[in-house]
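In the working numbering, the protein residues as written are 11 to 267. The beta carbon of each residue, even a glycine, is placed where N, CA and C say it ideally should be. Remember, it's a predicted structure, so these values are computed and weren't measured experimentally. Structure first, commentary second.
Below, the structure written as structure tokens:
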């Protein structure tokens with residue numbers, strides 16, 4: 011898949027360079043060794059018994075965020091470009107959610123998946139640089155929607171009830187795009203929860219990637235899929251680019267440079 015990220019020089023473009031900020035750089039995978047590296051990081055982060063790989067790895071572009079000092083891979087994610095809602099059935103997410111409502115979306119889409127940050131690294135600049143790389147791509151390729159599955163660790167719901175209550179009260183998908191249930195085992199938090207969320211507890215338990223989506227105006231499905239294979243609970247998450255607050259767009263584009 012050919013991607014046309016803005017690059018600071020032709021030489022950087024030839025190397026798949028995307029962005030550098032501080033001690034980190036983001037770049038595209040250049041071959042099988044890079045894909046194997048991201049699969050190894052995913053296996054470590056998701057704690058799967060076997061190497062985390064699937065058929066989507068072969069049709070997605072992979073972004074690596076590396077520490078320039080040590081060369082360590084500290085973050086990765088993959089992207090699948092779709093020309094519009096009519097193609098949404100090709101996505102990874104479509105295995106778990108009935109996305110027929112999104113078939114009417116008119117605009118290019120990117121599914122962002124398998125996002126993970128090495129557990130030994132907690133620098134917020136890593137997440138900022140990852141989003142800056144995504145922003146550069148969105149602008150360059152005229153993407154109108156980002157989507158994917160946002161995961162909570164483990165399959166037990168009890169410790170996340172405030173977070174799910176917050177999602178119900180503030181962040182459910184518009185009815186015109188709302189995914190319907192498809193997976194055999196789900197937690198229907200929008201229908202089941204009656205509690206008022208404790209905002210502090212909710213945000214503490216919200217995964218960092220999902221928290222960023224929400225800050226930019228993202229929305230979620232009304233149920234979470236219980237994924238025993240990945241040992242996660244995940245919600246479908248969408249972000250319409252046109253709905254991102256202008257101030258946050260300016261901040262992301264400033265980092266993307």
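Item: Same chain only: Cβ atoms within 7 Å of residue 262, ignoring 5 sequence neighbours per side; Value: 141, 142, 145
Item: Residue 53: first and last residue of the uninterrupted alpha helix (DSSP H) it sits in; Value: 42-56
Item: Beta carbon of residue 37 nearer than 7 Å to that of residue 78; Value: no
Item: Own chain residues within Cβ distance below 6 Å of residue 125, not counting five before or after; Value: 87, 219
Item: Sheet register partners of residue 86 (DSSP bridge); Value: 74, 126
Item: Cβ neighbour criterion (16 or more within 10 Å) applied to residue 69; Value: exposed
Item: Residue 89 vs residue 122 beta-carbon contact at 7 Å; Value: yes
Item: Buried or exposed by the 16-neighbour rule on C-beta atoms within 10 Å, applied to residue 238; Value: exposed
Item: The stretch 104-119 in contact with the stretch 130-139 per 3-pair CB rule at 8 Å; Value: no
Item: Through-space distance from residue 194 to residue 264, alpha-carbon basis; Value: 43 Å
Item: First through last residue of the alpha helix (DSSP H) which encompasses residue 69; Value: Element bounds for residue 69: n/a, residue is neither H nor E.
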